[in-house]
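As structure tokens, the structure follows; a few thoughts come after it.
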Amino acid sequence: MNPEIEERKEFSISLVDSDQIEELFSLAESLPQQRATLTLYRSPDEKTLTEINVILPGSYIRPHKYPDSSRTETSVPLSGSAQLVTFGDNGEISQKELLRVGMVAKVDANTWHTLVAGFHFATFEVKVYPLGDDKKKDEVFAPWAPEEGTDEADIYFENLRQKLGLSEAS
Numbered sequence: 008m009n010p011e012i013e014e015r016k017e018f019s020i021s022l023v024d025s026d027q028i029e030e031l032f033s034l035a036e037s038l039p040q041q042r043a044t045l046t047l048y049r050s051p052d053e054k055t056l057t058e059i060n061v062i063l064p065g066s067y068i069r070p071h072k073y074p075d076s077s078r079t080e081t082s083v084p085l086s087g088s089a090q091l092v093t094f095g096d097n098g099e100i101s102q103k104e105l106l107r108v109g110m111v112a113k114v115d116a117n118t119w120h121t122l123v124a125g126f127h128f129a130t131f132e133v134k135v136y137p138l139g140d141d142k143k144k145d146e147v148f149a150p151w152a153p154e155e156g157t158d159e160a161d162i163y164f165e166n167l168r169q170k171l172g173l174s175e176a177s
């Protein structure tokens, strides 16, 4: 699970600066999953989530999709770069795009996808949760991709990094 920090403000705006993002990177470096999230405050009845995610090159994010047809995920890179990878139903790579500052990427529902950081990567994400905040209903993990934190995941992730040209062995 990705640790989350929730930003609660008494005001009508939330501000995140580069110092806070650097703190997130420091937190991510201390965690086994090599990533961390700053969730900007939202009320329980909101269907939209905004957050800052930081992902280090060693972070394996299990490929997943959102089955609800109105569920989307939009990323706006803030620093670094990462490969946004989409997959077919049997796990073959169908598309890969290098995300970097100055770009916006939207992932539609029913798209198997993951992010693989090439460098320290920070992104602002907007997620629409039409089913509410129940990830068990909202997010489906790829059956062909191993669970995070396993030896199989380490092997799968290294193979994926090689295919993307991000591994020392590639």
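Position 109 of the sequence shown, counted from 1, bears residue number 116 in my numbering, the numbering being contiguous throughout. Glycine is no exception: its CB is placed at the ideal position from the N, C-alpha and C atoms.
Annotated three-state conformation of E80 is strand, per DSSP.
For a cut-off of 8 angstroms, the C-beta gap from T121 to V83 is around 18 angstroms, too long to register as a contact. Using a Cβ distance threshold of 8 angstroms, P74 and V23 do not count as a contacting pair. A distance below 8 angstroms between beta-carbons, with the five flanking residues on each side excluded, links L85 to the following residues of its chain, in chain order: I28, I59, V108, A129, T130, F131. Nearest C-alpha to Q102 among V111, Q90, M110: Q90.
DSSP places R168 within a helical segment (H, G or I) once states are collapsed to three. In the DSSP assignment, S33 falls within the alpha helix (DSSP H) that extends over 25-36. Rounded to the nearest whole angstrom, the CA to CA distance from I100 to F94 is 4 angstroms.
Where L106 is concerned, the enclosing beta strand (DSSP E) starts and stops at 100-107. CA-CA distance, Q169 to P39, rounds to 21 angstroms. If you draw a straight line from the Cα of D115 to the Cα of E30, it comes to about 30 angstroms. Linking K72 to L47 through their CA atoms gives a straight-line distance of about 23 angstroms. In the structure shown, I20 falls within a coil segment according to DSSP collapsed to helix, strand and coil.
A124 and R69 do not touch by the CB rule: their CB atoms are close to 15 angstroms apart, not below 8 angstroms. Contact check for I62 against R78 fails: the beta carbons are separated by 8 angstroms or more. Residue state for I62 is assigned as strand, using DSSP reduced to three classes. Only residues of its own chain outside the window of five on either side were considered, and among them none has a CB closer than 7 angstroms to the CB of S25.
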